[in-house]
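*Asks:* Chains as they are written, first to last, in the working numbering: chain A, 1 to 278; chain Y, 1001 to 1278; chain W, 2001 to 2278; chain P, 3001 to 3278.
Note that beta-carbon positions come from the ideal geometry of N, C-alpha and C, so glycine has one too.
Take this structure first; my questions come after.
4 protein chains.
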Amino acid sequence: MSQYRVLIDANDEKGLVHKVSGVFYNYDLNILSNSEFVDKESNKFFMRSVVDGDVNKEELSKAIKEVLPPKASLKIVEPTKKNIIIMATKEMHALGDILIRHEAGELEANILAVVSNYDKLESLVSKFNIPYITVSHEGLERPEHEKKVIEVIESFGDVDYIVLAKYMRILTPHFVETFEDKIINIHHSFLPAFIGANPYKQAYDRGVKIIGATAHFVNNHLDEGPIIAQEVIHVNHAYSWRDMQRAGRDVEKVVLSRALKLALEDRIFVYANRTVIF
Amino acid sequence: MSQYRVLIDANDEKGLVHKVSGVFYNYDLNILSNSEFVDKESNKFFMRSVVDGDVNKEELSKAIKEVLPPKASLKIVEPTKKNIIIMATKEMHALGDILIRHEAGELEANILAVVSNYDKLESLVSKFNIPYITVSHEGLERPEHEKKVIEVIESFGDVDYIVLAKYMRILTPHFVETFEDKIINIHHSFLPAFIGANPYKQAYDRGVKIIGATAHFVNNHLDEGPIIAQEVIHVNHAYSWRDMQRAGRDVEKVVLSRALKLALEDRIFVYANRTVIF
Amino acid sequence: MSQYRVLIDANDEKGLVHKVSGVFYNYDLNILSNSEFVDKESNKFFMRSVVDGDVNKEELSKAIKEVLPPKASLKIVEPTKKNIIIMATKEMHALGDILIRHEAGELEANILAVVSNYDKLESLVSKFNIPYITVSHEGLERPEHEKKVIEVIESFGDVDYIVLAKYMRILTPHFVETFEDKIINIHHSFLPAFIGANPYKQAYDRGVKIIGATAHFVNNHLDEGPIIAQEVIHVNHAYSWRDMQRAGRDVEKVVLSRALKLALEDRIFVYANRTVIF
Amino acid sequence: MSQYRVLIDANDEKGLVHKVSGVFYNYDLNILSNSEFVDKESNKFFMRSVVDGDVNKEELSKAIKEVLPPKASLKIVEPTKKNIIIMATKEMHALGDILIRHEAGELEANILAVVSNYDKLESLVSKFNIPYITVSHEGLERPEHEKKVIEVIESFGDVDYIVLAKYMRILTPHFVETFEDKIINIHHSFLPAFIGANPYKQAYDRGVKIIGATAHFVNNHLDEGPIIAQEVIHVNHAYSWRDMQRAGRDVEKVVLSRALKLALEDRIFVYANRTVIF
């Protein structure tokens, strides 16, 4: 008995649910959960089914492909731990939250390493017997620094996701392309408000009554990748921007961990710079 | 071309989605939205599909029934306005919110009448050209009073839902049975906390930091019917119970209107004293 | 016995609370509530006290002024109903919510009139015996149209607040200056995200997971006046921008009514394009 | 220059703010923040001021006492780290969150030890060089077990707070009295709903749409001590009670850490089984 997550992304046409669920029926699979969504505007069909039963992956894949329209994307994933690398700079809260969840067995992930441009978080990370690699950017041009970071990441072999847990350096297009669709960032504002540097200072100056955080995939437009999760908290006039920053940390860590969990469970589809989340 | 909401509630078995969606496919129907849920614990299957196409209701019903297991419940509903009667006592906020939404065309409903045990809200309701019937409980035993209320309600013919918009009288089992599964109530607390009289006073005395409201179907256990929607707001030590009551009104009206909308759109399934909401 | 709201806005200096509360003590006033805030960055002191006792307003004002630093602002307000005019266009929800609250006696306000560029809402407003004046903008340049609107507003005498309940026309600097610090707007986004036209469409295109609304005073920078209140709701991939718009209405009306209530109760201080709210 | 938190709890009388702030003024102290609250119902006055300046604690205390009514309570606290002991059982999330915050320097606390009835969390706690003491309850009557726990706690000297981070044993009145007003618990429900065992199972059975967590001081009525903080999240029909439990953990840890922070910063006053929080 094997369990599979069946992930379909196709142009919509009549009968898709019927046909795909027919494959499950023919193989006598149990459907543990099933979600579909059709985006009418773009005519795109998305489906995520979790099934278990007695069939091998190749056969199931072949059978489903036969009923899908041309150019459909099909992924069949077994629920195993994914390999992730975390990048951080100096702040402990988002990284720490992931480390504790990992330790508690909450995450379907192996943390291969933490990579940072400072050594500040090494003492925390090493407690958990996870490799910590400092790649200082001191005296290096951005491409040089990133080249070293990429070498470090690639030295760990296949990586499913790179999690930017408050990594405070801007990434070049080259880096983003190298790990396309694999980089998850936490931005410390309610995007698209306060793009760029020091969002809490910007929020304070604007006098907002709510602050937030946004987890998103990184593409080559700063702070503009597909949004995975957002959360907010109320603030008031008595908050300095430092207070907002402090309060914001609790939102940042919650949102990043939520987004990571969704990614590890294969619940996110990306299209047209937005996400479908089952 | 007709539009139908197909509502299925059955014991789960393999292939149900495949078979039902097969009926839609055979009739060449468009699936505008589709939701399923299986409750593993009770082995119950729920499905709500919105389809349009060229088929009459009887034929569609017959075809779907053929693929459903025995004892399955099937409802096929056309999206027309439902008939509702609102019951209220003296408070204006929940009733007023429904009246404005009705006036704005937000609700799939005809408000046949407002029935109250006081005449206080008559001047508001009559502005909207909706019949207002006062059935005073003064000097009447509860069964006598309810008998009159039931007569009034039944004089309006078929009623789909009775909405208790802060109707502050306890209903007898007879009343509840007369309108089984049709009565929606707003309870001014976050159930099951503070069941019974004056929940805001109870909440104040307990020193809670959050208050809420609960919309639920009414059954014969006071404040214990299936919950449809709940919402909360934060309060603090500076709130007297009157302040909580005032603040709570905004939650009450939002929650009741949300629940009513879900009911009017046939999005609620009830089983085992809980709701499945699509 | 009279009740006063004492509102102080001054440069901070040591002893201010002591001195002002000393005046209350000397006149044997009861302090019903008392709030202070010092903005350290700008060295500004804000205080709102509600007191009652046996003193006339002029005498109290004179006594407090004697203990305040130069250039301090002092307002002493009796809790009477303020005069407001509502401006709207075609949407009913925000206006309707204010009308019901007014009818229920929840607002310390007289609604002098509703002014609109369309006649669509007249049938709703006239139910409540409130004057409705349509000032069509058809065939008029913006300044001409506004001139007429200003004439209408001024015909009602002194107005404390002008509430833009989804008034969908951009105001000229002249209009804003004419009613400086008196115009409260509801913007249908979580400012500063999605400034400008059709924020729900913008929000949909950006793929956000939360939408919101912002009530703010209007100044001469579009959507950039001091923020009074903000609220949000979660959305997901299944929301079209029309769905976001529908869902957003519930937030808009709640936020606008909350902001209006704060203004009517003299709870808002404005400085440096932000608000202090007691 | 010293900084003090001045905490006053007294029967209300006219002039209290004036008199206390007069002491600050006479000593030429800076008021960094100032909050007062009068509970009208019980006629109780609460004040928390943070001041700095050149005065010793005894002198300041003496001067303030002179202006307070009889039986007033006055505490003057210097902002130093408080000593806390954490008690846990087997779950990692709430404990882990506190450990990371402690490591990040977010908490004004020394964690003297973690005490548990199991050894399961030892490997986590020992990473942070914090003593972990297992006091197994196996084969012991409750009073015997608690006697051992109390001995362990008292071996660490003065303890300001005992934090029950999902300590799953019921405490006896003797234990509660031994550490009166010092025990902070996280209860995994939105109290007063679902008092007692397995609140998530209870919540599931009741079909609620919102679950929550409550941090409170422990008194001798199970789950009935003064509430410090509460938070909730929305759930739906697709949540099994295990899913609610998982989702609830994120709320539990946030609420407990928030309550702990408030306690460490001396922001909580307790009276009449409720809290005033500045």
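Once DSSP output is grouped into helix, strand and coil, what is the label at A/Ser35?
*Replies:* strand
*Asks:* With P/Ile3086 and P/Val3163 assumed to form a contact (beta carbons below 8 Å), what rounded beta-carbon distance in angstroms separates them?
*Replies:* 5 Å
*Asks:* How would you label Y/His1145, buried or exposed, when you count the other beta carbons within 10 angstroms and need 16 or more for buried?
*Replies:* buried
*Asks:* Report back the beta-carbon spacing between A/Ala109 and A/Ile84 to the nearest angstrom; my notes put them in contact at under 8 Å.
*Replies:* 5 Å
*Asks:* Just list the beta strand (DSSP E) runs in the stretch 2225–2276 of chain W, keeping only unbroken ones of 3 residues or longer that don't cross its boundaries, in chain order.
*Replies:* 2227–2234 and 2268–2271
*Asks:* Whose C-beta lies closer than 7 Å to the C-beta of W/Arg2249 among residues of the same chain, with five residues either side of it excluded?
*Replies:* His2093
*Asks:* State yes or no: is the beta carbon of Y/Asp1028 nearer than 8 Å to at least one beta carbon in chain A?
*Replies:* yes
*Asks:* What distance in whole Å lies between the Cβ atoms of Y/Pro1131 and Y/Ala1113, which are believed to be in contact at a cut-off of 8 Å?
*Replies:* Yes, they are in contact, since the Cβ atoms of Y/Ala1113 and Y/Pro1131 sit about 4 Å apart, within 8 Å.
*Asks:* Tell me which residue opens and which closes the alpha helix (DSSP H) that Y/Asp1158 is part of.
*Replies:* It is not in any alpha helix (DSSP H) - Y/Asp1158 carries neither H nor E in the DSSP assignment.
*Asks:* Please report the straight-line C-alpha distance between A/Val254 and P/Arg3101, rounded to a whole angstrom.
*Replies:* 14 Å
*Asks:* Please go through the same chain and pick out, in chain order, the residues whose beta-carbon is closer than 8 Å to the beta-carbon of W/Asn2030, but skip the five residues on each side of it.
*Replies:* Excluding positions up to five away in sequence, the list reads Val2051, Asp2052 and Gly2053.
*Asks:* List in chain order: all unbroken beta strand (DSSP E) runs of 3+ residues lying wholly within the stretch 3094–3157 of chain P.
*Replies:* 3109–3116 and 3132–3134
*Asks:* Output yes if chain W places a C-beta closer than 8 Å to the C-beta of Y/Ala1104; else output no.
*Replies:* For Y/Ala1104, the answer is yes, since a Cβ of chain W falls inside 8 Å of its Cβ.
*Asks:* Is Y/Glu1036 close to chain A, meaning its C-beta is less than 8 Å from at least one C-beta of that chain?
*Replies:* yes
*Asks:* Less than 8 Å separating the beta-carbons of A/Val23 and A/Ala63?
*Replies:* yes
*Asks:* Mind pulling the chain W residues with CB within less than 9 Å of A/Thr275?
*Replies:* Chain W residues near A/Thr275: Gly2207, Lys2209 and His2237.
*Asks:* Start and end of the beta strand (DSSP E) containing Y/Val1006?
*Replies:* Ser1002 to Asn1011
*Asks:* Beta carbon of A/Lys65, beta carbon of A/Tyr4: below 8 Å?
*Replies:* no
*Asks:* Assuming P/Thr3178 and Y/His1237 make a contact with CB atoms under 8 Å, what is their CB distance in whole Å?
*Replies:* Not a contact, Cβ separation roughly 28 Å.
*Asks:* Check each candidate in W/Val2251, W/His2216 and W/Lys2201 and name the one with the smallest Cα separation from W/Phe2182.
*Replies:* According to the sequence as given, residue 2182 of chain W is Lys; it is not Phe. The shortest C-alpha separation from W/Lys2182 is found at W/His2216.
*Asks:* So what's A/Ile284 in DSSP terms, helix, strand or just coil?
*Replies:* Not covered by the structure: residue 284 of chain A. The range shown for chain A is 1 to 278.
*Asks:* Along the stretch 2222–2233 of chain W, where does the CB come closer than 9 Å to a CB of chain A? Name the residues.
*Replies:* Glu2224, Pro2226, Ile2227, Ile2228, Ala2229, Gln2230, Glu2231 and Val2232
*Asks:* Do the CB positions of Y/Ala1263 and Y/Ile1150 come within less than 8 Å of each other?
*Replies:* no
*Asks:* Is the beta carbon of A/Lys166 less than 8 Å from the beta carbon of A/Glu91?
*Replies:* yes
*Asks:* Between which two residues does the alpha helix (DSSP H) containing Y/Arg1206 stretch?
*Replies:* Pro1199 to Arg1206
*Asks:* Helix, strand or coil for Y/Ser1021, going by three-state DSSP, please let me know.
*Replies:* helix
*Asks:* Compare the C-beta of A/Asp52 with all C-beta atoms of chain P and state if any pair is closer than 8 Å.
*Replies:* no
*Asks:* What are the partner residues of Y/Ala1213, as DSSP defines its beta bridges?
*Replies:* Partner(s): Y/Glu1231.
*Asks:* Please tell me whether P/Ala3072 and P/Ile3111 are closer than 8 Å, where the distance is taken between their beta carbons.
*Replies:* no
*Asks:* Name the chain A residues that come within less than 9 Å of W/Phe2190, Cβ to Cβ?
*Replies:* Phe190, Ala193, Val208, Ile210, Gly212 and Val232
*Asks:* Compare the C-alpha of Y/Tyr1025 against each of Y/Leu1060, Y/Lys1044 and Y/Ser1042 and name the closest.
*Replies:* Y/Leu1060
*Asks:* If you count every other CB in all the chains shown that lies within 10 Å of the CB of W/Arg2242, and 16 or more means buried, which is it?
*Replies:* exposed
*Asks:* Where does P/Lys3209 land, buried or exposed, given buried means 16+ other C-beta within 10 angstroms?
*Replies:* P/Lys3209 is buried by the Cβ-count criterion.
*Asks:* Does P/His3018 come within less than 8 Å of chain W when only Cβ atoms are used?
*Replies:* yes
*Asks:* Give me, in chain order, the residues of the same chain whose beta-carbon lies closer than 8 Å to that of P/Ser3126; leave out the 5 immediate sequence neighbours on both sides.
*Replies:* Tyr3132
*Asks:* Taking contact to mean at least 3 C-beta pairs separated by less than 8 Å, is the stretch 1186–1201 of chain Y in contact with the stretch 1223–1238 of chain Y?
*Replies:* yes
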